[in-house]
Amino acid sequence: MTEKALNPFKVAQAQLDEAAEQLKLDPAIHKLLRTPLRELHVTLPVRMDDGSTQIFQGFRVQYNDARGPTKGGIRFHWEETIDTVRALAAWMTWKCAVVDIPLGGGKGGIICDPRKLSMGELERLSRAYIRQVGRIIGLEKDSPAPDVYTTPQIMAWMMDEFSFLKGQNEFGVITGKPLPLGGSAGRGDATARGGMFCLREAANLLNVELKGATGAIQGYGNAGSFAHMLAEELFGMKIVAVSDSRGGIYNPDGMLYEEVFKFKKETGKVGGFPGSKEITNEELLELDVDVLFPSALESVITASNAENIKAKISVELANGPTSPEADLILYKNGVYIIPDFLANAGGVTVSYFEMVQNAYDYYWDLETVHERLDKKMTSAFHAVHKTREEHKVHSRLAAYMVAINRVAEAVSLRGWA
Ligand code: GLU
414 MTEKALNPFK
424 VAQAQLDEAA
434 EQLKLDPAIH
444 KLLRTPLREL
454 HVTLPVRMDD
464 GSTQIFQGFR
474 VQYNDARGPT
484 KGGIRFHWEE
494 TIDTVRALAA
504 WMTWKCAVVD
514 IPLGGGKGGI
524 ICDPRKLSMG
534 ELERLSRAYI
544 RQVGRIIGLE
554 KDSPAPDVYT
564 TPQIMAWMMD
574 EFSFLKGQNE
584 FGVITGKPLP
594 LGGSAGRGDA
604 TARGGMFCLR
614 EAANLLNVEL
624 KGATGAIQGY
634 GNAGSFAHML
644 AEELFGMKIV
654 AVSDSRGGIY
664 NPDGMLYEEV
674 FKFKKETGKV
684 GGFPGSKEIT
694 NEELLELDVD
704 VLFPSALESV
714 ITASNAENIK
724 AKISVELANG
734 PTSPEADLIL
744 YKNGVYIIPD
754 FLANAGGVTV
764 SYFEMVQNAY
774 DYYWDLETVH
784 ERLDKKMTSA
794 FHAVHKTREE
804 HKVHSRLAAY
814 MVAINRVAEA
824 VSLRGWA
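For the sequence shown, the residue numbers in our numbering are 414 to 830.
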């Protein structure tokens, strides 16, 4: 089996096993952390615009709630499987622990191709999902959020459906909502911004000058497009390549966020952007740039291309982009990885801020959100870097060690094992 065909949940379990060994974790706790505590599989009939009914399949996995209610996004993707959702729910558990917010990890998904659904169909699918998973979610139980191909508008429909089920407004059931419906200032670009705070710290440690540094971004969704904006705005970086699911574009002189974003909004893709050369998603990863931002999907850097990665720093805004074998190759070659569940934890951190604001019905200004996010991300980055140096391990393993320790402590204090 090629590494590319690896099941993401098996990857997540292998990563946990490695950290458990390093930490000499209690065997019962280790076993408990290898599988989800709960999962719900749902079947969703949806009336399509042409009058027919299509049946969709969806999932919600509550991986571990020892440290607090489960939390994690909902993905709409044609290749969704229960095992990708399990892996992503595990990664959410470690993500919330590494930034030390009082939440557990969960994830949801629907097998569908959102690119082929009308707005009306998307709305009916979103509401159908909540009618099924509504029984297991809520501010104090499990709070979903946006993820691959889901948006603030989808969160608004979902919150609205849940509120009708409960007979009252329940803003805190979901985060990443639009501002007029209990959304938080700063949630939109929070995933990318959190990654940028980590990048700033890493660049300082590695003596990489970010002003004028080159960057390539794989993926142009919730994470990647904002990474483009912030790399320019915060550091004055030059983004020479970006891509989406249809392919990538390259221009060694750099491409401006404002122009690429506008082009993608108008045409639905980045391909064909004036002045750029078309490249594949695979070629983008291997470009000779200072900073790589894998911001699309899992398993894109594997044993088969890891030797060709030339970036100095890889800021993993996607979940699970690098396979375990590739991790070792990049570590050996001196590529500094800011691992996914640290690099992209800004999203869930501001989601947590959103839940707190919803619970108090009192809203913070943008400056307060940015300040508090910076504080969380910076201290998480340094906790991971310190463990990396002390134990002489790669960053992902160090991040696992920090996170697993915290979850294991909660499991043990509760008396579960
Ligand atoms: N889907 C995002 C993630 O993978 C955000 C989750 C959340 O805000 O709950 O971290």
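Here a beta-carbon is modelled for each residue, glycine too, at the ideal position from N, C-alpha and C.
### Query
Closer than 7 Å: is that where the CB of Pro-707 sits relative to any heavy atom of ligand 1?
no
### Query
With 16 as the cutoff for other CB atoms within 10 Å, does Met-532 come out buried or exposed?
exposed
### Task
Within 10 angstroms of the Cβ of Pro-440, are there 16 or more other Cβ atoms? Answer buried if so, exposed if not.
exposed
### Message
Does Arg-827 pass the burial test, meaning 16 or more other C-beta atoms within 10 Å, or should it be called exposed?
### Response
exposed
### Task
With a threshold of 7 Å, establish whether the CB of Asn-746 neighbours any heavy atom of ligand 1.
no
### Coarse secondary structure for Val-683, derived from DSSP in three states
coil
### Message
Could you check whether Met-505 and Gly-519 sit closer than 8 Å to each other, using their CB atoms as the reference points?
### Response
yes
#### Entry: Touching by the beta-carbon criterion (3+ pairs, under 8 Å), the region 790-803 and the region 606-614
yes
### Query
Using the beta-carbon count (16 or more within 10 Å), is Arg-528 buried or exposed?
exposed
### Bounding residues of the alpha helix (DSSP H) (the contiguous stretch that carries Asn-771)
758-773
### Query
Relative to ligand 1, is the shortest distance from any of its heavy atoms to the C-beta of Asn-732 smaller than 7 Å?
yes
### Task
Rounded to whole angstroms, what's the CA-CA distance from Val-546 to Asp-666? Just pull it up for me.
48 Å
### Query
Is it true that the CB of Asp-478 sits closer than 8 Å to the CB of Leu-450?
yes
### Task
Work out the CA separation of Ile-442 and Ala-654 for me, nearest whole Å.
43 Å
### Query
Taking the continuous alpha helix (DSSP H) assigned at Tyr-813, which residues delimit it?
808-827
#### Entry: Sheet register partners of Ser-727 (DSSP bridge)
Leu-705, Ile-750
### Task
Identify whether Lys-745 lies in helix, strand or coil by the three-state DSSP scheme.
helix
### Query
Along the chain, which unbroken stretches of the beta strand (DSSP E) at least 3 residues long are found entirely within the region 543-596?
none
### Query
Which residue's Cα is closest to the Cα of Ile-836: Cys-509, Gln-467, Lys-805?
Any answer about residue 836 is impossible in this case: the structure gives the chain only from 414 up to 830.
### Query
Quick one: what does DSSP say Pro-458 is sitting in, helix, strand or coil?
strand
### Query
Is the beta carbon of Thr-494 within less than 7 Å of some heavy atom of ligand 2?
This structure simply doesn't include ligand 2; it includes ligand 1 instead.
### Message
Output needed for Leu-436: all residues of its chain with C-beta closer than 8 Å, excluding positions within five of it in sequence on either side, in chain order.
### Response
Met-814, Ile-817, Asn-818, Ala-821
### Continuous beta strand (DSSP E) stretch holding Asn-361: start and end
Absent from the model: residue 361. The displayed extent of the chain is 414 to 830, so no value can be given.
### Query
Using the rule of at least 16 other Cβ atoms within 10 Å of the residue's Cβ for burial, across every protein chain shown, is Asn-732 buried or exposed?
buried
### Query
Thinking C-beta only, is Phe-794 closer than 8 Å to Trp-777?
no
### First and last residue of the uninterrupted beta strand (DSSP E) at Val-655
651-657
### Query
Is the Cβ-Cβ distance between Phe-686 and Gly-628 less than 8 Å?
no
### Message
Does the distance between the C-beta of Lys-508 and the nearest non-hydrogen atom of ligand 1 fall short of 7 Å?
### Response
yes
### Query
Taking buried to mean at least 16 other C-beta atoms within 10 Å of its own C-beta, is His-807 buried or exposed?
buried
### C-alpha distance - Glu-672 paired with Glu-679, whole-angstrom precision
11 Å
### Query
Would DSSP call Lys-417 helix, strand or coil?
Its pLDDT being 47, under 50, Lys-417 is placed unreliably by the model, and the measurement read from it follows with that caveat. Looking at Lys-417 - three-state DSSP - the assignment turns out to be helix.
### Query
Got a sec: does ligand 1 put a non-hydrogen atom nearer than 7 Å to the Cβ of Lys-590?
no
### Task
Determine the burial state of Thr-735: buried for a count of at least 16 other Cβ atoms within 10 Å of its Cβ, exposed for fewer.
buried
### Task
Using only the heavy atoms of ligand 1, determine whether one of them is closer than 7 Å to the beta carbon of Val-756.
Here the sequence assigns Ala to residue 756, which means Val is not the residue at that position. Incorrect: Ala-756 has no Cβ contact closer than 7 Å to ligand 1.
### Task
Return the CA-CA distance between Glu-738 and Asp-774, expressed in angstroms with no decimal places.
46 Å
### Query
Taking C-alpha atoms, which residue in Trp-507, Ile-514, Val-511, Phe-472 lies nearest to Val-498?
Phe-472
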